[in-house]
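Step one of this worksheet: look at the structure below.
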Amino acid sequence: MRIFLLIFAAVSITHIIFIILKKENPRRLSKILIIPPLLAAYIAGAENLLFFPIFALIFGWIGDALLIRIDKKICFILGLVSFLLGHLFYIITFIECLGFLGFGGGSLNIGALGVSVPLAIIFGIFSFRFIKPTREMAKPVIIYMIFLETVVLLGLQVFIFNINIAGTLVFIGCLLFLTSDMILSYYTFRKLKPLGAVLIMVFYIMAQAGIIMGIKLL
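In the numbering used here, the protein residues as written are 1070 to 1287.
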């Protein structure tokens, strides 16, 4: 498992360097090489292997490949769908971690849910106004944000019932995913700046690693 994590770290750092140096072709190649070693590390190191995180990573990887050509509308839409499916599989993963996919009842902290849901709605409204998507893309962006915020809400629930390194990694990973996608959504409708490109990928890489390593430790 360690060798795969080392490869993941090396490829990730190399990718960020290519972004900074504006090396377009190496950047595209390195981007699609980020997720495979993380997936291999999860499969190799998981004692109780869950299959839904594997699907989440696979669709994240497909989204990475498609969003290389974010300037093309069809690639953007398909990339959005791929990441949405990735978030859906993370949602199912967290539901499973909370015990709702077994024969017994699951666990939810109703108090935390009562506070976090209204905050999520308020955050979603402000985020939508911040992103300012075109009228054509408004509904897809809203749907995507709902899925993304659901990931964060369930990640919080996983943390509440696992106040340890595993739960912390999962929740921080979810927050980083939210941050990365908000920056990406903002620049989708504007000219992408170098700092924005770096932040999107740094937060995204840390998010995927945090969630997957957290799930592995649960």
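Beta carbons are placed, not taken as given, at the ideal position from N, Cα and C, and that holds for glycine.
Just so we're clear, the structure is a prediction, and the values are computed from it rather than from any experiment.
Residue i in three-state terms, based on DSSP
i	result
Lys1141	coil
Phe1062	Given that the chain is displayed from residue 1070 to residue 1287, the structure contains no residue 1062 and the question cannot be resolved.
Asn1094	helix
Glu1165	helix
Thr1203	coil
Phe1158	helix
Gly1175	coil
Ile1212	helix
Glu1116	coil
Lys1100	helix
Leu1182	helix
Ala1170	In the sequence on display, residue 1170 carries Leu and not Ala. Note: Leu1170 maps to coil in three-state DSSP.
From the options, residue whose alpha carbon lies closest to that of residue i
i	options	result
Ile1076	Ile1088, Ser1099, Phe1087, Leu1090	Ser1099
Ile1252	Ala1078, Leu1268, Ile1215, Leu1238	Leu1268
Glu1218	Phe1246, Met1270, Arg1071	Phe1246
Ile1373	Ile1215, Lys1142, Phe1272	With the chain running from 1070 to 1287 in the structure shown, residue 1373 is simply not present.
Leu1188	Ala1207, Val1221, Tyr1213, Thr1162	Val1221
Ile1161	Asn1178, Lys1201, Phe1120, Ile1089	Phe1120
Leu1108	Ile1123, Asn1233, Asn1094	Ile1123
Glu1205	Phe1258, Ile1101, Phe1199	Phe1258
Lys1285	Glu1165, Tyr1213, Ile1101, Asn1117	Asn1117
Val1186	Leu1102, Pro1263, Leu1225	Leu1225
Leu1244	Lys1262, Ile1179, Phe1230, Phe1272	Phe1272
Gly1132	Ile1241, Leu1149, Pro1106	Leu1149
For residue i, the first and last residue of its enclosing alpha helix (DSSP H)
i	result
Met1270	1263-1286
Ser1254	1234-1257
Ser1081	1071-1089
Leu1126	1121-1135
Residue i and residue j closer than 9 Å at C-beta
i	j	result
Ala1125	Phe1158	yes
Val1227	Leu1167	yes
Gly1236	Leu1182	no
Val1239	Gly1283	yes
Ser1249	Ala1276	yes
Ile1137	Met1270	no
Phe1145	Leu1223	no
Ser1081	Ile1281	no
Arg1096	Ile1104	no
Phe1199	Tyr1111	no
Met1070	Ala1113	yes
Next item on the list: Pair every Cβ in the stretch 1146-1155 with every Cβ in the stretch 1125-1136, then say whether three or more of these pairs are closer than 8 Å.
Entry: yes
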